[in-house]
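Here the structure comes first, spelled out in structure tokens, and everything after it is commentary.
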Amino acid sequence: MLDWQRYAEQFSFEKYDTVYVILGTNDHVQISEKEKYTSKVRHFIQTIKARNQNVIWLLPPTLKDPTKNRLLDNTRHAIMTASQIEGITTVDTRTVLGETYKDAIDGTTVRTKDGIHITPNGALLTVTELLF
Numbered sequence: 006m007l008d009w010q011r012y013a014e015q016f017s018f019e020k021y022d023t024v025y026v027i028l029g030t031n032d033h034v035q036i037s038e039k040e041k042y043t044s045k046v047r048h049f050i051q052t053i054k055a056r057n058q059n060v061i062w063l064l065p066p067t068l069k070d071p072t073k074n075r076l077l078d079n080t081r082h083a084i085m086t087a088s089q090i091e092g093i094t095t096v097d098t099r100t101v102l103g104e105t106y107k108d109a110i111d112g113t114t115v116r117t118k119d120g121i122h123i124t125p126n127g128a129l130l131t132v133t134e135l136l137f
């Protein structure tokens, strides 16, 4: 499992024009954990912003599993709250990949078989549609 904070402390964010973050998809946050998770996200953002002020967080996509997806709503909310407090932009990947889960869009596979992650084609579509 990725230790966000340790990674952020060791990475050279200053050499990039903008830092794009897409973390949280595997974090199925319970309501009781939202405050702690928001704090974790804020600390992570603060660490990045100490070396690069231009941070954009891409919110996790819809998941195939409805139960996990409901928990991921808490994750998204915590990320949005932390991002707003820290003054960074969030971009919702669901505007491209769908509010309801889809394996493919226009015949192109955009999600991996695990029902969680985005394929390289899904990432390209998301970045192209949302950021350019």
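Position 108, counted from 1, in the sequence shown is what our numbering calls 113; the numbers after and before it change by one each time, with no gaps.
Using N, Cα and C, we set each Cβ at its ideal position, and we do this for glycine too.
All figures in this text were calculated on a predicted structure; none of them were measured in a lab.
Whole angstroms are fine: how far does the CA of residue j sit from the CA of residue i?
i	j	result
GLN35	ILE84	13 Å
ALA49	ILE110	As written in the sequence, residue 49 is Phe, which differs from the Ala given in the question. Their backbone Cα atoms lie some 32 Å apart in a straight line.
THR98	LEU63	6 Å
THR1	ASN126	The structure shown does not extend to residue 1, since the chain is modelled only from 6 through 137, so no value can be given for it.
SER37	LEU28	20 Å
LYS39	ASN79	7 Å
LEU76	HIS33	5 Å
ILE90	ASP119	33 Å
ALA13	LYS41	18 Å
GLN10	VAL26	13 Å
ASN74	TYR106	10 Å
Would you mind reading off the limits of the alpha helix (DSSP H) that contains residue i?
i	result
TYR12	9–15
Give the range of the beta strand (DSSP E) segment to which residue i is assigned.
i	result
THR94	94–97
VAL26	24–26
Quick one: measure Cβ to Cβ for residue i and residue j, integer angstroms, because I've assumed they're closer than 8 Å.
i	j	result
ARG47	ALA87	4 Å
ASN59	VAL96	With 8 Å as the limit, ASN59 and VAL96 do not qualify as a contact, their Cβ atoms being about 13 Å apart.
ILE93	THR30	Actually they do not touch by this definition, with Cβ atoms about 18 Å apart.
VAL115	THR124	6 Å
ILE53	PHE18	5 Å
- Message: I want to know whether the stretch 89–107 touches the stretch 65–78 - three or more CB-CB distances under 8 Å.
- Response: yes
- What residue ranges within the stretch 42–105 form continuous beta strand (DSSP E) runs of no fewer than 3 residues, ordered along the chain? 60–64 and 94–97
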